[in-house]
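Asks:
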Amino acid sequence: MIIEMMKGATQEQVDHVVERAHSFGFEVQLNLGTEKTVVAILGSDTGKADTDAFAVLPGVQSVARVMKPYKLASREFHPRASKVNVSGVEIGGQRIVVMAGPCAVESEKQLTDTAKAVQKLGAAVVRGGAFKPRTSPFSFQGLEHDALDMLARVKSDLGIPVITEVVDIQNIGIVAEHADIIQVGARNMQNFALLKELSKIKHPILLKRGLSATVTEWLTAADYLLARGNRRIILCERGIRTFEDSVRFSVDISSIAVIKKMSHLPVLVDPSHAAGHFAYVPSIARAAVAAGADGLLVEVHPNPEEALVDGLQSLTLKNFEKLMAELRPVAQAVGRYI
Ligand code: PEP
Ligand code: MN
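Here you go:
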């Protein structure tokens, strides 16, 4: 941390800052300028004290962090890219991992038909929501435990891993029993109580970016999941809130490059929730693969007109087939395959 003292700060005020730094166990370097004093706080674990602990002291003008607030998710901590293995599917390797399926599990037939089709077309993982975090309490909330049973049947009958979202602490156990990957939705990215509980299990976890979260906040949330030794964390960019309202959310394509630079974790893109409309999904998906995403999370429904959730942004099986064909040369152009 770099602490800039006010012009005219007294020696006593500078000493007070230095004493406070020492009380946290930090080393200090003083830079006595002609106009003002700058105090550099040195120590690898400056996370022990936040900037406010110094900003509040008399005579302090400003406090700036040098280190990022996240550590375990950073490239500095773990220079080599992490690969997450899920029942034989490697996420973060050469293969672009496509996870596809309905927004919500609506019936055994709807899920099985979709799963069989997307598997045949090259999807590596089947998605399907059992517990749906809906904006309105009056909207369809998901088939919950019945949906988990259906997902488990797809997994055992088709031999394909499944991903589903957990929305509360009490269902972590049951979701982990039925799913190969546990999804943390955008609305729960900073549900720290949930993240802490999830850090105790060994399951792969897909952490979606919050609607209004910065990349730094997202990676700091990932640190919660990594804190107890679960290394199998996957990130997912799904669009953020901006002033633009022609799409549901604005997909932050640059976040892929930023994540790749700042973090070792694999990153997927969800073009469906970003777009909010099936017509925009292929373009975002191609852009994501070209930009270096490790995979995609795509909503597919055999009959979007009848979908209980997110029908407008769901691809038909035909459209999914077309998308997969379009993605192959893009993946190849960036040295990957699907
Ligand atoms: C989902 O993938 O089903 C979902 C609800 O997405 P998000 O959390 O990104 O809104
Ligand atoms: Mn959805």
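Each residue of the sequence shown is one higher than the last, beginning at 0 in numbering that gives the first Met the number 0. Glycine residues also receive a C-beta, built at the ideal position from the N, C-alpha and C atoms.
Buried or exposed, going by whether 16 or more other CB atoms sit within 10 Å of the CB of K6?
Replies: exposed
Asks: Identify whether L120 lies in helix, strand or coil by the three-state DSSP scheme.
Replies: coil
Asks: Looking at the ligand PEP, does it come within less than 7 Å of A212, judged from the CB to the closest heavy atom?
Replies: no
Asks: By a C-beta neighbour count over all protein chains shown, 10 Å radius and 16 as the cutoff for buried, is N377 buried or exposed?
Replies: Outside the shown range of the chain, which is 0 to 337, sits residue 377, and nothing can be said about it.
Asks: Out of K321, M188, Q182 and F242, point me to the one whose CA is closest to G128's CA.
Replies: Nearest of K321, M188, Q182 and F242 to G128, Cα basis: Q182.
Asks: Can you tell me whether V55 is buried or exposed? The criterion is at least 16 other CB atoms within 10 Å of its CB, across all chains shown.
Replies: exposed
Asks: In the DSSP output, what is S73 paired with across the bridge?
Replies: Its beta-bridge partners are S262.
Asks: Just to confirm, does E298 get its C-beta within under 7 Å of one of the non-hydrogen atoms of the ligand MN?
Replies: yes
Asks: Beta-carbon within less than 8 Å of Q28's beta-carbon, same chain only, minus the 5 sequence neighbours each way: which residues are those?
Replies: Excluding sequence positions up to five before and after Q28, its CB lies within less than 8 Å of the CB of V38, A39 and L41, all in the same chain and listed in chain order.
Asks: Sort E164, D14 and S61 by Cα distance to V175 and report the nearest one.
Replies: It is Ala, not Val, that sits at residue 175 in the sequence shown. Nearest Cα to A175 within the set E164, D14 and S61: E164.
Asks: Using 10 angstroms around the beta-carbon of F137, count the other beta-carbons present and answer buried if the total reaches 16, otherwise exposed.
Replies: Burial check for F137: the Cβ neighbour count within 10 Å stays below 16, so the residue is exposed.
Asks: For A345 and I255, which I take to be in contact (beta-carbon distance under 8 Å), what is that distance rounded to the nearest angstrom?
Replies: The first residue shown for the chain is 0 and the last is 337, placing residue 345 beyond what the model contains.
Asks: If distances are taken between C-alpha atoms only, which option among S86, G92 and G87 comes closest to A80?
Replies: With distances taken between Cα atoms, A80 lies closest to G92.
Asks: DSSP on A103, reduced to helix/strand/coil?
Replies: strand
Asks: Following the continuous beta strand (DSSP E) through E3, name the residue where it begins and the one where it ends.
Replies: Start and end: I1 to M4.
Asks: With a threshold of 7 Å, establish whether the CB of A292 neighbours any heavy atom of the ligand PEP.
Replies: no
Asks: Counting along the chain, where does the alpha helix (DSSP H) carrying A48 start and finish?
Replies: Looking at the DSSP string, A48 is not in any alpha helix (DSSP H), and its letter there is neither H nor E.
Asks: I need the residues with a C-beta less than 5 Å from some heavy atom of the ligand PEP; please give them in chain order.
Replies: Going down the chain, each residue whose beta-carbon is closer than 5 Å to a heavy atom of the ligand PEP shows up: G128, G184, A185, K207, R237 and H272.
Asks: Taking the Cβ atom as the reference point for each residue, do R237 and A274 lie within a distance shorter than 8 Å?
Replies: no
Asks: Between L267 and L225, how many whole angstroms is the CB-CB distance? I'm expecting something under 8 Å.
Replies: Rounded to the nearest angstrom, the Cβ distance from L267 to L225 is 17 Å, too far for a contact under 8 Å.
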